[in-house]
Amino acid sequence: MNRKRHQLFLSLLLIAASTMQLRAHPGHGESNGTSPLHFLLEPEHVVPTLAALAAVVTILLWRRRRSM
Numbered sequence: 078m079n080r081k082r083h084q085l086f087l088s089l090l091l092i093a094a095s096t097m098q099l100r101a102h103p104g105h106g107e108s109n110g111t112s113p114l115h116f117l118l119e120p121e122h123v124v125p126t127l128a129a130l131a132a133v134v135t136i137l138l139w140r141r142r143r144s145m
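Residues 78 to 145 in this note's numbering are what the sequence shown lists, from first letter to last.
Here it is in structure tokens:
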């Protein structure tokens with residue numbers, strides 16, 4: 078059951094992260110859309126990146142704990 082929960086969580090995370098990228102268009106956000114600063118400051122880019130990073134860390138910690 079735990080494995081299915083993790084798979085569901087990752088699937089939902091990927092769907093959520095990809096739909097935010099579909100909203101991108103010229104002029105979205107407050108900064109220049111082609112600058113690196115845009116990708117570091119705009120929530121449309123930061124939130125999915127942090128969510129993916131949190132998922133990877135969670136999975137790594139879970140696997141480490143499980144192998145002990």
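Where a beta carbon is used, it is the ideal one built from N, C-alpha and C, also for glycine.
Item                                                                                              : Value
Segment contact, 8 Å Cβ cut-off, at least three pairs: the region 129-140 with the region 79-92   : yes
Whole-Å CB distance - L117 paired with V123, under 8 Å assumed                                    : 7 Å
Neighbourhood of L87 by C-beta, 7 Å cutoff - its chain only, sequence neighbours within 5 removed : A132
First through last residue of the alpha helix (DSSP H) which encompasses S144                     : 120-144
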